[in-house]
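Notes for the one structure printed next.
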Amino acid sequence: MSAKVLKSFIREAIKGKVSASPSYMKKEAVREKLQSIIAEAVASGEIGDQAALEQFLVDINTSMTALKMIPFEVWTKLAGVATSPVPVAKKKSK
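For the working numbering, count along the sequence shown from 1 and bump the result up by 36.
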């Protein structure tokens, strides 16, 4: 793809003429947050070379495995967000 075509595509995307699915946009937002975390770690010197970057990415994956096991209710408590209980369907008696 030529630079001219790419620039045109970007302009159209910015204008909103090209839209992405909400699912994609959520993933992109998460990627941007992780990218910011990595950039901050590089800026602070925590990540100083390629090997440190690769280890940091391994650490992110390991951490994600652990975070997946935490139930939503724990996250709401950590966030200080009150949630109403989810109604449980009642069994009908015969």
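Think of the CB as a built atom: it goes at the ideal place given N, C-alpha and C, for glycine as much as any other residue.
When you compare the CB positions of residue i and residue j, do they come within less than 8 Å of one another, or not?
i    : j    : result
T119 : T112 : yes
I106 : L70  : no
Reducing DSSP to helix, strand and coil, say where residue i ends up.
i    : result
E46  : According to the sequence provided, residue 46 is Ile. The question's Glu does not apply to it. Three-state DSSP puts I46 in a helix.
E82  : coil
V117 : coil
To which residues of the same chain is residue i closer than 8 Å at the C-beta, ignoring the five residues directly before and after it?
i   : result
D83 : For the record, residue 83 in the displayed sequence is Ile; it is not Asp. I74, A77, L89 and F92.
Ignore the nearest five residues each way along the sequence and tell me which others in residue i's own chain have a CB closer than 6 Å to its CB.
i    : result
V212 : Because the chain spans 37 through 130 in this model, residue 212 falls outside it and cannot be assessed.
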